[in-house]
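Quick mapping for you: the protein sequence lines, in order, are chains A and B. Sequential numbering of the first sequence, starting at 1, is according to the UniProt record's numbering. Sequential numbering of the second sequence, starting at 1, is according to the UniProt record's numbering. Virtual Cβ for every residue (Gly too), placed ideally from N, Cα, C.
Protein chains: 2
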Amino acid sequence: MTSIIGPNGTFTTETGVTDRLLTPTEVARFFGVDPKTVTRWSRTGRIPSVRTPSGQLRYRESEVRALLNGG
Amino acid sequence: MTSIIGPNGTFTTETGVTDRLLTPTEVARFFGVDPKTVTRWSRTGRIPSVRTPSGQLRYRESEVRALLNGG
DNA sequence: TCGAAGTAGGGTAATTAGGGGC
DNA sequence: TCTGTCCTAATTACCCTACTTC
Numbered sequence: 001m002t003s004i005i006g007p008n009g010t011f012t013t014e015t016g017v018t019d020r021l022l023t024p025t026e027v028a029r030f031f032g033v034d035p036k037t038v039t040r041w042s043r044t045g046r047i048p049s050v051r052t053p054s055g056q057l058r059y060r061e062s063e064v065r066a067l068l069n070g071g
Numbered sequence: 001m002t003s004i005i006g007p008n009g010t011f012t013t014e015t016g017v018t019d020r021l022l023t024p025t026e027v028a029r030f031f032g033v034d035p036k037t038v039t040r041w042s043r044t045g046r047i048p049s050v051r052t053p054s055g056q057l058r059y060r061e062s063e064v065r066a067l068l069n070g071g
């Protein structure tokens with residue numbers, strides 16, 4: 001998986017689509033669940049996630065949308 | 001470790017590998033956090049950084065990529 | 001030289017991870 | 001099995017002002 005860090009810190013994939021990272025709370029609002037549930041989804045592999053150097057979880061907006069659309 | 005700062009903000013090592021320097025905002029967007037948080041990571045030693053003569057922080061793209069892939 | 005944007009500090013409130021129990 | 005809630009410690013976001021960069 002190749003990605004490019006853009007001039008503004010954006011995250012660009014091979015397809016040229018600019019992506020951004022969402023917090024657990026933001027993802028929780030999308031699905032109407034508790035942020036803790038989103039965290040559990042990460043541990044069980046139900047949703048892809050990225051960890052900050054300190055260990056907190058972030059989620060790619062494109063993947064969240066894909067799950068919402070019947071991933 | 002000897003290195004040369006290029007005209008476009010590039011960073012060239014002895015191995016000839018060009019490494020771009022990223023601003024706190026760019027790194028912040030890449031990890032989905034506040035730029036202030038990236039600055040904090042520098043002080044706590046979670047991410048290697050380079051300081052400009054005036055004291056501002058910059059980060060090597062290769063280091064950021066390494067951290068994103070699990071440090 | 002001017003204005004807009006970004007950054008470094010500090011201080012405080014909010015969020016998160018993790019475990020445990022329901 | 002899955003989820004929401006309670007707890008603590010750690011981490012982060014947002015507020016401000018002054019300085020730097022473009």
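Contacting residues, own chain, Cβ-Cβ under 6 Å from A:T25 (five flanking each side not counted) | Numbered from its first residue, the first sequence carries residue 25 of chain A at position 25. Non-local beta-carbon contacts of A:T25 in its own chain, meaning distances under 6 Å to residues more than five positions away in sequence, involve P35 in chain order.
Tell me, which residues are paired with residue 75 of chain A by DSSP?
-> Outside the shown range of chain A (1 to 71) lies residue 75 of chain A, about which nothing can therefore be said.
Express the C-alpha separation of A:E61 and A:V50 in angstroms, rounding to a whole number.
-> The residue labelled residue 50 of chain A in the question sits at position 50 within the first sequence. The residue labelled residue 61 of chain A in the question sits at position 61 within the first sequence. Using only the alpha carbons, I get a separation of about 11 Å.
For A:S54, the nearest candidate out of B:R43, B:R20, B:T23, B:D19 (CA to CA) | In the first sequence, residue 54 of chain A corresponds to position 54, counting from 1. For the residues B:R43, B:R20, B:T23, B:D19, the minimum Cα distance to A:S54 belongs to B:R43.
Bridge-paired residues (DSSP) for A:V50 = What you label residue 50 of chain A is simply residue 50 of the first sequence in a count that begins at 1. A:V50 pairs with A:R58.
B:G32 vs A:L21 beta-carbon contact at 8 Å = As a first step, residue 32 of chain B is located in the second sequence; it is residue number 32 there, counting from the start. As a first step, residue 21 of chain A is located in the first sequence; it is residue number 21 there, counting from the start. Judged by their CB atoms, B:G32 and A:L21 are nearer to each other than the 8 Å cut-off.
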